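Accompanying notes for the structure given below.
Residue numbers (our numbering), protein chains in the order written: chain U, 514 to 626; chain S, 410 to 523.
What follows is the structure in structure tokens.
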């Protein structure tokens, strides 16, 4: 399968702790994107990392990409209850096929107050 | 509009009836995508529109599903003779420059077939 595979499937932490989610894939990518979904509805684009980048930051989010291992991680620092959501990675396989993303099945994060 | 708008937000229909779901993308976004998401599952690609190009229909699960888009504006997803397995959240997303730059999603339509 070309889809991203997130792990863990579910993660439960206490407020203030850091949360790390991983995404692995099997083929070459142009970029990898992380999205958040609350309450099973619309997804929100969080961050995009290109294949020639190794790390990006956005607020409390830190994304790394290791193309040799075909994996990415999303770190949320100092988590809050409002971070409770499902997190998905999505892959753009080829810049020439700038059509649709390939989605993983998501990591469900619960941040307990 | 400021975001991607989908309507209705919830739809309950009887098995065998037709339903029509609507998506208003962000103005100026040339790319529009429909996805289906079953409870607790990931996103299942349905169809993709890009400008005036022929749509990519490769994800439509059966001929009961069809979608149209007028130019670079509103899109409708039609499901004929609905079945219980069609129950899901149907998500629409648009993008200004294609998938490589990220999507903006609507809040979805939750379809329940009883």
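We put the CB at the ideal spot given by N, CA and C, even for glycine.
All figures in this text were calculated on a predicted structure; none of them were measured in a lab.
Residue i to residue j span [Cα, whole Å]
i             : j             : result
residue 428/S : residue 527/U : 43 Å
residue 420/S : residue 580/U : 42 Å
residue 436/S : residue 411/S : 8 Å
residue 441/S : residue 494/S : 24 Å
residue 544/U : residue 478/S : 28 Å
residue 613/U : residue 413/S : 17 Å
residue 514/U : residue 447/S : Its pLDDT being 44, under 50, residue 514/U is placed unreliably in this model, and the coordinates cannot settle the point.
residue 431/S : residue 489/S : 15 Å
residue 506/S : residue 616/U : 19 Å
residue 599/U : residue 552/U : 8 Å
residue 501/S : residue 471/S : 19 Å
residue 587/U : residue 520/S : 31 Å
Range of the contiguous beta strand (DSSP E) that encloses residue i
i             : result
residue 510/S : Per DSSP, residue 510/S belongs to no beta strand (DSSP E) and is neither H nor E.
residue 625/U : 620 to 625
residue 463/S : Run containing residue 463/S: none; DSSP gives neither H nor E here.
residue 535/S : Missing from the structure shown is residue 535/S; chain S here goes from 410 to 523 and no further.
residue 535/U : 532 to 537
residue 440/S : 440 to 446
residue 585/U : 584 to 589
residue 561/U : 556 to 563
Contact belief for residue i with residue j at Cβ below 8 Å, rounded distance in angstroms
i             : j             : result
residue 566/U : residue 578/U : 6 Å
residue 558/U : residue 512/S : 6 Å
residue 569/U : residue 539/U : That pair is no contact at about 22 Å.
residue 438/S : residue 503/S : 4 Å
residue 455/S : residue 468/S : 4 Å
residue 618/U : residue 451/S : 4 Å
residue 519/U : residue 535/U : 7 Å
residue 562/U : residue 576/U : 5 Å
Local conformation of residue i per DSSP, three classes
i             : result
residue 492/S : coil
residue 596/U : helix
residue 457/S : strand
residue 482/S : coil
residue 548/U : strand
residue 543/U : coil
residue 568/U : strand
residue 606/U : coil
residue 498/S : strand
residue 522/S : strand
residue 471/S : coil
residue 525/U : strand
residue 573/U : coil
Per DSSP, cross-strand counterpart(s) of residue i
i             : result
residue 429/S : 487/S
residue 415/S : 432/S
residue 614/U : In the DSSP output, where bridge partners are listed per residue, residue 614/U has none listed.
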